[in-house]
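Working notes for the structure below.
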Amino acid sequence: MAGEKILIVDDDADMRELIKLYMKDNGFQVVSAVDGIEALDIVKQETLDLIILDVMMPRLDGFELCQEIKTFTDIPIIFLSSKQDDMDKILGLGGRC
Numbered sequence: 001m002a003g004e005k006i007l008i009v010d011d012d013a014d015m016r017e018l019i020k021l022y023m024k025d026n027g028f029q030v031v032s033a034v035d036g037i038e039a040l041d042i043v044k045q046e047t048l049d050l051i052i053l054d055v056m057m058p059r060l061d062g063f064e065l066c067q068e069i070k071t072f073t074d075i076p077i078i079f080l081s082s083k084q085d086d087m088d089k090i091l092g093l094g095g096r097c
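Here the sequence shown stands for residues 1 to 97, numbered as in full-length UniProt numbering.
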């Protein structure tokens, strides 16, 4: 997978940077976004292999962003979340995500 491009979406700058450094150290190209709106613009402009997506973000949360992305592409998405509610798990696994 080395050299593939990953989008990291998280409103927490420290978390974004930690994931970014880890991925770059393992040979991935990394693009990042601070929220769902910025991420949506990037997804429409870039060729991506994977999205690592925080669930809780301002303006457009991870579930909403995932549903929007899945209307026009099938890029794999990995959710990052501290949420543990069953409903949140259903939202992440169900629907168009």
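For every residue, glycine included, the Cβ atom is placed at its ideal position computed from N, Cα and C.
The secondary-structure analysis by DSSP pairs residue 44 with nothing; it has no beta-bridge partner.
Just measuring C-alpha positions, the residue of 33, 69, 72 sitting nearest residue 58 is 33.
In the DSSP annotation of this structure, the continuous segment of the beta strand (DSSP E) that includes residue 5 starts and ends at 5-9. In this chain, the beta strand (DSSP E) harbouring residue 50 covers 50-54.
By the neighbour-count definition (other C-beta atoms within 10 Å, threshold 16), residue 72 is an exposed residue. Sorting 20, 8, 78 by C-alpha distance to the C-alpha of residue 38 places 8 at the top. In this chain, the alpha helix (DSSP H) harbouring residue 21 covers 13-25.
A distance below 6 Å between beta-carbons, with the five flanking residues on each side excluded, links residue 53 to the following residues of its chain, in chain order: 9, 62, 77, 79. Excluding five sequence positions before and after residue 75, the CB atoms of its chain that fall closer than 6 Å to its own CB belong to 48, 51, given in chain order.
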